[in-house]
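I have placed the structure first, in the form of structure tokens, so that the comments after it can refer back to it.
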Amino acid sequence: MSKRGIKARTLRRRSQVRTPRPCILIVCEGSRTEPSYFNRLKKELRLASVEVWVEHGNSAPISVVEHARRLRDRRKRSSTHAPFDRVWCVMDVEDPQPHRSLNEAHDKAQQEKFSLALSNPCFEYWFLLHFERTSRQMTTENAKQFLKEHLPNYDKEVPFDELLAHTETAIANAEGVISEKHYGEDLRNCNPSTHVHRLVLELRGHAKSG
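Structure (structure tokens):
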């Protein structure tokens, strides 16, 4: 084979080498809904480098952040796994009574440089945005009631396939409400709102680049 042929073959091999996808840690406050959703999304997008964990001991926001910190630090010490490139904490504000540790968790997450996928009042608002754009203030119970108008069996299962079909709508609605209400980065006092769409967009972006 000529030198030109060898060089072309080498270049083709290099172009076929994929850049490793970033390792992403997602720690959820909820024990069922949130991890079920993100594990299904991870499977759908074929993102093996994403890990979804749940804080089982205490669902308070500060416990989620502390659990994320422990998992990140443990991974840093691992000799067999790459460290996490990105850490996301998925949590709710809750309404009418916000979590007592919410402010502490928010500050701690910023200190640790974790990203927050905060939903106000709750994660169900993100699901609701798959079917309608609403900026009316609501409690956690309201959000679940509104969602059941679209998903009557929501209490029994998370209908991922139906949600997946409306993901673009949910993203547009989430961004639309934030823009309409002129909300900033901090959603603790912005009812209703969510930043879950940012995490979803990030995961989809990594899936496309892989």
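The opening residue of the sequence shown carries number 1 in the working numbering; numbering runs sequentially from there. C-beta: ideal position from N, C-alpha, C; glycine also. No experiment lies behind these values; they were computed from the predicted model shown.
- prompt: DSSP puts Ser-119 in a beta bridge; with which residues?
  reply: Asp-92, Thr-194
query: Just how far apart, CA to CA, sit Tyr-37 and Trp-53?
result: 12 Å
message: Within the continuous beta strand (DSSP E) that includes Glu-168, where are the two ends?
response: Note, Glu-168: premise wrong, no beta strand (DSSP E); alpha helix (DSSP H) at 167–180.
query: Can you tell me whether Asp-95 is buried or exposed, with buried defined as 16 or more other CB within 10 angstroms of its CB?
result: buried
query: Expressed to the nearest angstrom, what Euclidean distance is found between the alpha-carbon atoms of Ser-15 and Ser-59?
result: Residue placement at Ser-15 cannot be trusted, given a pLDDT of 48 that sits under 50; the coordinates are not used to answer.
Glu-51 - containing alpha helix (DSSP H), residue span: It is not in any alpha helix (DSSP H) - Glu-51 instead sits in the beta strand (DSSP E) that spans 50–54.
- prompt: Quick one: Cα of Glu-124 to Cα of Pro-192, how far?
  reply: 11 Å
message: Could you check whether the region 125–137 touches the region 147–157, counting it as contact only if at least three pairs of C-beta atoms, one from each stretch, sit closer than 8 Å?
response: yes
task: With DSSP as the reference, label Leu-151 as helix, strand or coil.
output: coil
Same chain, Cβ closer than 8 Å to Glu-141, neighbours up to 5 away in sequence not counted: none
query: Where does Asp-161 land, buried or exposed, given buried means 16+ other C-beta within 10 angstroms?
result: exposed
Close beta carbons around His-206, own chain, < 7 Å, minus the five adjacent residues each side: Arg-21, Pro-22, Leu-47
task: Measure the alpha-carbon distance for Lys-208 versus Glu-202 and round it to whole angstroms.
output: 10 Å
- prompt: Where DSSP assigns a beta bridge to Val-27, which residues make up the other side?
  reply: Trp-53, Cys-89
- request: Could you spell out where the alpha helix (DSSP H) holding Leu-45 opens and where it closes?
  value: 33–45
message: Can you tell me whether Ile-171 sits near the ligand NAD, meaning its C-beta is under 7 Å from at least one heavy atom of the ligand?
response: Ligands displayed in this structure: none; no statement on the ligand NAD is therefore possible.
task: Output yes or no for whether 8 Å exceeds the beta carbon distance between Ser-119 and Asp-92.
output: yes
message: Rounded to the nearest angstrom, what separates Pro-35 and Pro-61 at their Cα positions?
response: 15 Å
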